[in-house]
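Trainee: Residue numbers (our numbering), protein chains in the order written: chain A, 220 to 518; chain B, 220 to 518.
1. Grouping DSSP H, G and I as helix and E and B as strand, with all else coil, what is residue 371 of chain A?
2. Does the segment 353-366 of chain A touch the segment 329-341 of chain A, meaning 3 or more C-beta pairs lie closer than 8 Å?
3. Taking only runs of the beta strand (DSSP E) that begin and end inside the segment 393-442 of chain A, which ones reach a length of at least 3 residues, in chain order?
4. Helix, strand or coil for residue 327 of chain A, going by three-state DSSP, please let me know.
5. Is the beta carbon of residue 230 of chain B less than 8 Å from the beta carbon of residue 313 of chain B?
6. Would you tell me roughly how many angstroms separate the C-alpha atoms of residue 315 of chain A and residue 415 of chain A, rounded to the nearest one?
7. Tell me which same chain residues have a C-beta within less than 6 Å of the C-beta of residue 163 of chain A, skipping the five on either side of it?
8. Three or more C-beta pairs under 8 Å: does that hold for the segment 480-491 of chain B against the segment 456-470 of chain B?
9. Look at the alpha carbon of residue 413 of chain A and the alpha carbon of residue 342 of chain A, and state the distance between them as a whole number of angstroms.
10. Could you tell me whether the segment 432-451 of chain A touches the segment 242-252 of chain A, where touching means 3 or more Cβ pairs closer than 8 Å?
11. Which class does residue 520 of chain B belong to by DSSP, given the choice of helix, strand or coil?
12. Helix, strand or coil for residue 509 of chain B, going by three-state DSSP, please let me know.
13. In this structure, how does DSSP classify residue 222 of chain B when only helix, strand and coil are distinguished?
14. Using a Cβ-based criterion (distance less than 7 Å to any ligand heavy atom), does residue 378 of chain B qualify as near the ligand ZN?
15. How about residue 263 of chain A and residue 494 of chain A: are their beta carbons less than 8 Å apart?
16. What is the DSSP secondary structure of residue 457 of chain B, counted as helix, strand or coil?
17. Tell me which residues share the same chain as residue 490 of chain B and place their Cβ nearer than 8 Å to its Cβ, disregarding the 5 neighbours each side in the sequence.
18. I want to verify the contact list: residues of chain A whose CB lies under 8 Å from the CB of residue 329 of chain B, in sequence order.
19. Please list the segments of the alpha helix (DSSP H) lying wholly inside the segment 247-325 of chain B, counting only runs of 4 or more residues, in order along the chain.
20. For the 8 Å Cβ check, are there 3 or more pairs between the segment 267-283 of chain B and the segment 343-352 of chain A?
21. Closest to residue 427 of chain B by CA distance: which of B:399, B:403, B:434 is it?
22. On the CB-based measure, 16 or more other CB atoms within 10 Å of its CB, does residue 270 of chain A come out buried or exposed?
23. On the DSSP bridge list, what partners appear for residue 349 of chain A?
24. Exposed or buried, what is residue 254 of chain A when buried is set at 16 or more other beta-carbons lying within 10 Å of its beta-carbon?
25. If we cut at 8 Å on Cβ distances, does residue 253 of chain A have a partner in chain B?
26. Run down chain B in chain order and give the residues with a C-beta less than 9 Å from the C-beta of residue 236 of chain A.
27. Is there a C-beta anywhere in chain A that falls below 8 Å from the one on residue 325 of chain B?
28. Just how far apart, CA to CA, sit residue 501 of chain A and residue 225 of chain A?
29. Which partner residues of residue 231 of chain B appear in the DSSP bridge assignment?
30. Spell out whether any CB of chain A is found under 8 Å from the CB atom of residue 241 of chain B.
31. Could you compute how far the alpha carbon of residue 385 of chain A sits from the alpha carbon of residue 409 of chain A?
32. Below 8 Å between beta carbons: does that hold for residue 387 of chain B and residue 433 of chain B?
33. For residue 321 of chain A and residue 252 of chain A, what's the separation of their Cα atoms in angstroms?
34. Residue 297 of chain B CB to nearest chain A CB: under 8 Å?
35. Among the candidates A:404, A:221, A:265, A:293, whose CA atom is the shortest distance from the CA of residue 228 of chain A?
36. What three-state label does DSSP hand residue 496 of chain A in the structure shown?
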């Protein structure tokens, strides 16, 4: 039985719209089509891990509309442990409204809903935690108590106080960022990249289509993307994290963790939505072998 | 018993958002709060008339989600006749997503949903019809067959072909426009305002806070707004039309129709949403008398 990975952050309901044009001030624009998808970084990762057969738990704040939306049942059906879900009956669930025009410009509106209460809550002590975008005070609190901390501040970095960011980094064993975010982490803390590498055992920096680099124990390991016919890049980062974290907890070498992450991400980009078409462990393994050769024996 | 007013156009479900800023290209903006409201010009007018005690019918195309949304029951509870509603089970209902920032800039996305099928349908023959924003081909078809035509092209004027616009105007007994739209009607048809007045018995032009002018039988009658503490201007125009049309069908003199319209509009602006706080006939009468003096005997 795998160790439980506790994933902290949003379970959001996303409405994704195709529009002719982004509506600017005092404009009205027609919608071509739109659909509802289940999303939120933490929930995407939790479902990704569960789909691969891992043992995971979602720590998230949801509104009174969450059960009726069908999302709760979806998570349960995937086997995600919801025993630490915070349910705020009189609040709305976290939602994003994302408008994409014909030139792929996006305009997003985001409602934190129930998640705004996370900052008031006393976090539980958990064993292995992955902190996705979430309230920075809650993340700082849970990082202090956890046995192992994987940290992914993502686009919410702008909402972190210097104190919360420094406190989390002190407790972080593994950091996920993209090339812009790592620069911002340095700027906010007054540290250079080498200082961060000296503090944190494993730092993974993603470079979109150029893949990722894993900085681990003085080494920098380049991981290529697994190329597929991409339909929608949303969710690729979350899928990468799901594969990486489960491989890591299953004690695969760090380079293999990256390659497994990269393989899982390739499934996320080939269909619309963040949680569609995610692979089981065996399906992932087959594509891994097509791209990276023989899948290593588990350790 | 009043004659039936058949109102043609949208029954839309509106999501109205308060946001910090309008999200332009590749921006993400937080939502302060948002709520769902029942709207759509035709449905607003139908509910306004029904609330005043009039006899009205909504001719609209709705999706499979319409009954579950609660909107169908809301219309039925108000006594609106839905026997000519077109139900497209596999389509979505018409929806608008309206984002308003702190400086009252608005950005709107609009999905026609089921309404896009109106153009394929053969309209029924009805007695007294009010054409709100809707498909121009359907509006042209129903105008040809109706006994009396009230026409309000509204913001959809840009979607009208010259042929459809001219065909409807030939059959129109009463035209509602704002000051911008009347200019566009002239531009599109190559007619001057006097030509329009010569064609159509009653032309009502609205001027926002400056009230409206009714052009009727060579006269121009100025109707002031009824001033209240305004919270939300949305729906004022529809409420004005509801009051005007019911008064007209009840044979009040045209100036009284305008004053009744103006009184009903004052209720719409004092609360958020287009269908909230609409008055009954007696409640409307009381405010009418406070503003315009004794309410005339019915004729």
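All residues carry an ideal CB built from backbone N, CA and C; glycine is no exception.
Mentor: This is what the structure holds:
1. Residue 371 of chain A sits at position 152 when you count from the first residue of the first chain. It is coil, neither helix nor strand.
2. yes
3. You should have 393-397, 421-425, 431-435, 438-442.
4. In the first chain, residue 327 of chain A corresponds to position 108, counting from 1. DSSP places residue 327 of chain A in strand when its eight states are reduced to three.
5. In the second chain, residue 230 of chain B corresponds to position 11, counting from 1. In the second chain, residue 313 of chain B corresponds to position 94, counting from 1. Yes, the Cβ-Cβ distance between residue 230 of chain B and residue 313 of chain B is below 8 Å.
6. Counting from one through the first chain, the residue named residue 315 of chain A turns up at place 96. Counting from one through the first chain, the residue named residue 415 of chain A turns up at place 196. Straight through space, the alpha carbons of residue 415 of chain A and residue 315 of chain A are spaced by roughly 32 Å.
7. The structure shown does not extend to residue 163 of chain A, since chain A is modelled only from 220 to 518, so the question has no answer here.
8. yes
9. Taking the first chain and counting its residues from 1, one reaches residue 413 of chain A at position 194. Taking the first chain and counting its residues from 1, one reaches residue 342 of chain A at position 123. For residue 413 of chain A and residue 342 of chain A, the distance between alpha carbons rounds to 31 Å.
10. no
11. Since the first residue shown for chain B is 220 and the last is 518, residue 520 of chain B is missing from the structure and cannot be characterised.
12. Position 290 of the second chain, counted from the start, is the residue given in the question as residue 509 of chain B. Helix, per DSSP.
13. Indexing the second chain from 1 puts residue 222 of chain B at position 3. Coil.
14. What this structure holds is no ligand at all, so the ligand ZN is not there to describe.
15. To locate residue 263 of chain A, count along the first chain from 1; it is residue 44. To locate residue 494 of chain A, count along the first chain from 1; it is residue 275. Cβ distance < 8 Å, so residue 263 of chain A and residue 494 of chain A count as in contact.
16. For the purposes of this step, residue 457 of chain B is identified with residue 238 of the second chain, where counting begins at 1. Residue 457 of chain B falls in the helix class under three-state DSSP.
17. Working through the second chain from its first residue, we reach residue 490 of chain B at position 271. If we look at residue 490 of chain B and ignore the five residues flanking it on each side, its Cβ neighbours are 450, 451, 496.
18. Start at 1 with the first residue of the second chain, and residue 329 of chain B comes out as number 110. Ordered by position in chain A, the residues that pass the 8 Å Cβ test against residue 329 of chain B are 247, 248, 249, 250.
19. 260-270, 290-296
20. no
21. Reading the second chain from its first residue, position 208 is the one you call residue 427 of chain B. It is B:399 whose Cα lies nearest to the Cα of residue 427 of chain B.
22. Here residue 270 of chain A is taken as the residue at index 51 of the first chain, counted from 1. Per the 10 Å Cβ criterion, buried.
23. Numbered from its first residue, the first chain carries residue 349 of chain A at position 130. DSSP lists A:226, A:369 as partners of residue 349 of chain A.
24. Taking the first residue of the first chain as 1, we reach residue 254 of chain A at position 35. Exposed, by the Cβ-count rule.
25. Locating residue 253 of chain A in the first chain gives position 34, where the first residue counts as 1. Closer than 8 Å: yes.
26. Sequence index remark: in the first chain, residue 236 of chain A carries index 17 (1-based). Those are 316, 328, 330, listed as they occur along chain B.
27. Translated into positions along the second chain, residue 325 of chain B becomes position 106. It does; some Cβ of chain A falls within 8 Å.
28. For the purposes of this step, residue 501 of chain A is identified with residue 282 of the first chain, where counting begins at 1. For the purposes of this step, residue 225 of chain A is identified with residue 6 of the first chain, where counting begins at 1. Whole-angstrom Cα-Cα distance: 23 Å.
29. Residue mapping note: residue 231 of chain B aligns to position 12 of the second chain, counting from 1. In the DSSP assignment, the residues bridged to residue 231 of chain B are B:258.
30. Reading the second chain from its first residue, position 22 is the one you call residue 241 of chain B. It does: the Cβ of residue 241 of chain B has a partner Cβ on chain A nearer than 8 Å.
31. On the first chain, position 166 is the one that residue 385 of chain A refers to. On the first chain, position 190 is the one that residue 409 of chain A refers to. Their Cα atoms are separated by approximately 10 Å.
32. Here residue 387 of chain B refers to the residue found at position 168 when the second chain is read from its first residue. Here residue 433 of chain B refers to the residue found at position 214 when the second chain is read from its first residue. Going by C-beta atoms, residue 387 of chain B is not nearer than 8 Å to residue 433 of chain B.
33. Sequence index remark: in the first chain, residue 321 of chain A carries index 102 (1-based). Sequence index remark: in the first chain, residue 252 of chain A carries index 33 (1-based). Rounded to whole angstroms, residue 321 of chain A to residue 252 of chain A spans 12 Å at the Cα level.
34. On the second chain, position 78 is the one that residue 297 of chain B refers to. Not one beta carbon of chain A lies nearer than 8 Å to the beta carbon of residue 297 of chain B.
35. Start at 1 with the first residue of the first chain, and residue 228 of chain A comes out as number 9. Looking at the Cα atoms, A:265 is the closest of the given residues.
36. Sequence index remark: in the first chain, residue 496 of chain A carries index 277 (1-based). Reduced to three states, the DSSP call for residue 496 of chain A is coil.
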